[in-house]
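Report on the structure given below.
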Amino acid sequence: MADDAVADTLRKLAVVFADFEQRLEATPLIRKLTRGRFELADYHAFLINLRQQVKDGALWMSRAASNIGEDHLELRSTLMKHAVTEHRDFRLLETDFVAAGGRLEDIQQAKKNVGSEALSAWMFHEASKPDPFGLLGAMWIIEGLGSIKAKPWGLKVKERLGLPDDALRFLLYHGDNDVGHMEEFREMLAMVLPDEAVAERIVTTARVTARLYALQIEEIAA
Amino acid sequence: MSDSGPRLRDVYITGVGAHLPGPAVGNDRMEDHIGRIHGRDSVVGRRALRWNGIRARHYALATDGTVRDSNAGMTAKAVAAALDDAGLGVGDLRHLATATTQGDYLVPGHATAVQAELGAGPLEIASYQSVCASALMAAKGAWLQVRVGEAEVAAAAAGEFSSRWFRPGFYEGTALVDPKGRLATEADFLRFTLSDGAGAVVMEPHPREQGLSLKVEWIDLTSLAGLFDPCMWAGSTRADRADMASAWSHAGPTEAHAAGAVALLQDFELLKIVIRAWIGIWLEKVDSGRIDPDRVDHLLCHYSARSLREEIVGLLENTAAMIPEEKWFTTLPETGNIGSASIWVMLEAFMKGERPKRGDRVLLIVPESGRAMIGFMMLEVV
Chain A
6 MADDAVADTL RKLAVVFADF EQRLEATPLI RKLTRGRFEL ADYHAFLINL RQQVKDGALW
66 MSRAASNIGE DHLELRSTLM KHAVTEHRDF RLLETDFVAA GGRLEDIQQA KKNVGSEALS
126 AWMFHEASKP DPFGLLGAMW IIEGLGSIKA KPWGLKVKER LGLPDDALRF LLYHGDNDVG
186 HMEEFREMLA MVLPDEAVAE RIVTTARVTA RLYALQIEEI AA
Chain B
42 MSDSGPRLRD VYITGVGAHL PGPAVGNDRM EDHIGRIHGR DSVVGRRALR WNGIRARHYA
102 LATDGTVRDS NAGMTAKAVA AALDDAGLGV GDLRHLATAT TQGDYLVPGH ATAVQAELGA
162 GPLEIASYQS VCASALMAAK GAWLQVRVGE AEVAAAAAGE FSSRWFRPGF YEGTALVDPK
222 GRLATEADFL RFTLSDGAGA VVMEPHPREQ GLSLKVEWID LTSLAGLFDP CMWAGSTRAD
282 RADMASAWSH AGPTEAHAAG AVALLQDFEL LKIVIRAWIG IWLEKVDSGR IDPDRVDHLL
342 CHYSARSLRE EIVGLLENTA AMIPEEKWFT TLPETGNIGS ASIWVMLEAF MKGERPKRGD
402 RVLLIVPESG RAMIGFMMLE VV
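Going down the list, the sequences are from chains A and B. For my numbering, count along the first sequence from 1 and bump the result up by 5. For my numbering, count along the second sequence from 1 and bump the result up by 41.
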């Protein structure tokens, strides 16, 4: 049954996310944030390093959509809509950076860190395969981060650094951990499940993405 | 097939006991017992009570702050009640494992004080100390003692005397009270959450002859302390708690008290993350087949289903890992949150009630925010 397969996969994905969240909590940057040692330079470094992945996000999603075959047009539409919604988000990071006292050219000219390089290469590699359904696992991780972690981080940065909201729009705007988000994801899973090999690929892709994403955050040094 | 390993015995809970000090105290009167900081009503108390859903609790403190019992005294009474329930006496006990968040003394261990209050002769004892999940640490110790044949009768007991930590003297004149006389939320919330009491279970290698026993299937504990800073703690200030050099004993008792380091504190933002970590471990147990939610007939959880936020319940439902609320059994609203003792107080009420039937599977879950831990105990009614 599709429902059982969706529930099984979601459960495995939730376990991967829990592990991911714990790994993030233990990174030096997030430790600084939760221990009240976070400085403006840390926030600048955070935005610079997030921008790389955010900028690439809509691009790999578009590529993935273009590789989805005609048996799954609905999923293709969903990914394309997601890509459209998100493909300018990196501009938000730039305006946040400037509003927080940074220079535009500094964030635009920054290089990817080791984790961002690995994450980006992995995403484009996966997106280039035919019917790259495993990337639903990557979306679970990255969108889960947006819906669960971004806002609490934003509020902590605000509390710690006393920045105005217009310097925190990316973190604060990503917003609410609502039930609707989960519903939409379930619908996407139901478009490709039940299929044991696909389910396994989704969970594996989530695991790899989580590890590389955490590496990206680990690599941030102010 | 020959069995070259140690011969392990089945172990049964043959007695349960609880001790709740004094009369039940309703929400309207609780501040009379724990006291008012600089004489003023708490500003966060109502909110805390709405969230935890507790309507009554017991205190070993009288309204004037007089101490009516000790943690050890209450724990000993629960052990005696559990032994009595099993048809045994103190002289039959061979191993006593105790759990608590804080004993009456700093040193020596809680089990020594409980043994003394119990008036027990020479005995093997073990003191387990953490927060709520210490109940299952002690249970696991006692279970293994009987299982491997080291003891014929073992007791796992847990006691808490939280209220004496909540008296104004723990906070007044410290950095936890602001210039307007308001106590910091991270300290005040717990004052409206935790209360006093004790519970105990007795384990033997055979079920009782009459009445129902509980066969212990397994006990699993997972601590994630290596990944998280303390979430509920006493002994350091909030800002410095990740640094062990900040411990109260390094600063000395007077300075530590002034800094607000000698009070129970909770980080609520971290708690949200810790709750997700508990859920992660739960989902792992379901996913690996260790727990089949459909095969659990009763869930006794040291956490209220109503306190779980909508998105957590949604996650559990969507992952086929929710145990429907009608299978939950709790005494939290009536007996309060008694830390490590809660699970045994609940089990005692459960076994004395109408619900358990032979063959039912009973799952105990004890999450501990302390430094992110969760324990599970699977039982079968026999």
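Ideal Cβ positions, reconstructed from N, Cα and C, are used throughout, including at glycine.
Is the shortest distance between the beta-carbon of residue i and the beta-carbons of chain A less than 7 angstroms?
i	result
R87(B)	no
A283(B)	yes
L268(B)	yes
A288(B)	no
A280(B)	yes
M42(B)	For M42(B), the predicted model reports a pLDDT of 47, less than 50, meaning its position is unreliable and no value from the coordinates is stated.
Determine, using beta carbons only, whether residue i and residue j come nearer to each other than 7 angstroms.
i	j	result
P248(B)	Y100(B)	no
V242(B)	W385(B)	yes
F230(B)	V57(B)	no
I415(B)	T295(B)	no
L15(A)	N378(B)	no
L159(B)	V194(B)	no
A192(B)	R135(B)	yes
G120(A)	E91(A)	no
L54(A)	N118(A)	First, the residue type needs correcting, since residue 54(A) is Asn and not Leu in the sequence shown. Taking 7 angstroms as the Cβ cut-off, N54(A) and N118(A) qualify as a contacting pair.
Q170(B)	L164(B)	no
A143(A)	T214(A)	yes
E234(B)	A299(B)	Correcting the residue type first, residue 234(B) is Thr in the shown sequence and not Glu. For T234(B) and A299(B), no; Cβs fall outside 7 angstroms.
L61(B)	G238(B)	yes
R68(A)	A132(A)	yes
V407(B)	A174(B)	yes
L217(A)	A123(A)	yes
By the criterion of Cβ-Cβ separation under 8 angstroms, what are the contact partners of residue i in chain B?
i	result
A211(A)	Within 8 angstroms Cβ-Cβ: nothing; A211(A) doesn't reach chain B, min ~13 angstroms.
R191(A)	N359
What's the gap between the Cα of residue i and the Cα of residue j?
i	j	result
D219(B)	L312(B)	24 angstroms
D69(B)	L224(B)	19 angstroms
M418(B)	W145(A)	32 angstroms
F269(B)	D281(B)	14 angstroms
F196(A)	A226(A)	First, the residue type needs correcting, since residue 196(A) is Met and not Phe in the sequence shown. If I take the Cα positions, the gap works out to 41 angstroms.
P428(B)	T278(B)	Since the first residue of chain B shown is 42 and the last is 423, residue 428(B) is not available in this structure.
W319(B)	R350(B)	14 angstroms
A22(A)	F190(A)	Going by the sequence as given, residue 22(A) is Phe instead of Ala. Roughly 14 angstroms between the two C-alpha positions.
G321(B)	M85(A)	31 angstroms
L255(B)	L420(B)	6 angstroms
D401(B)	L340(B)	11 angstroms
A65(B)	R98(B)	5 angstroms
A88(A)	A70(A)	9 angstroms
A199(B)	A204(A)	44 angstroms
A59(B)	D133(B)	19 angstroms
F391(B)	S204(B)	25 angstroms
I95(B)	A103(B)	20 angstroms
Which residues in chain B have a C-beta closer than 7 angstroms to the C-beta of residue i? List them in chain order.
i	result
P157(A)	E310
V20(A)	G321, L324, E325, D328
K17(A)	D328
What residues from chain A crowd round residue i, counting only those whose CB sits closer than 7 angstroms?
i	result
I314(B)	E26, E30
L265(B)	Q27
A225(B)	Correct list: empty, because the minimum Cβ distance to chain A is about 15 angstroms.
Does any C-beta atom of chain B lie closer than 7 angstroms to the C-beta of residue i?
i	result
A5(A)	The structure shown does not extend to residue 5(A), since chain A is modelled only from 6 through 227, so no value can be given for it.
M187(A)	yes
A12(A)	yes
Cβ closer than 9 angstroms: which chain A residues qualify as neighbours of residue i?
i	result
L124(B)	What L124(B) touches in chain A: nothing, since even the nearest Cβ is about 40 angstroms away.
By the criterion of Cβ-Cβ separation under 9 angstroms, what are the contact partners of residue i in chain B?
i	result
R216(A)	Simply none; closest approach about 15 angstroms.
query = When you check each C-beta in the stretch 334-367 of chain B against every C-beta of chain A, which residues fall closer than 8 angstroms?
reply = E351, E352, G355, L356, N359, T360, A361, A362
request  = Compile a chain-ordered list of the residues in the stretch 316-329 of chain B whose CB is closer than 8 angstroms to at least one CB of chain A.
outcome  = R317, A318, I320, G321, I322, L324, E325, V327, D328
Where the stretch 41-55 of chain A meets chain B: residues whose CB sits under 7 angstroms from a CB there = G41
key: Contacting positions in the stretch 187-218 of chain B - beta carbon closer than 8 angstroms to chain A   = none
task = Taking a Cβ distance cut-off of 8 angstroms, strictly less, list which residues of the stretch 399-422 of chain B are near chain A, in chain order.
result = none
ask   = Relative to chain B, which residues along the stretch 84-99 of chain A have a C-beta separation below 9 angstroms, given in chain order?
value = none
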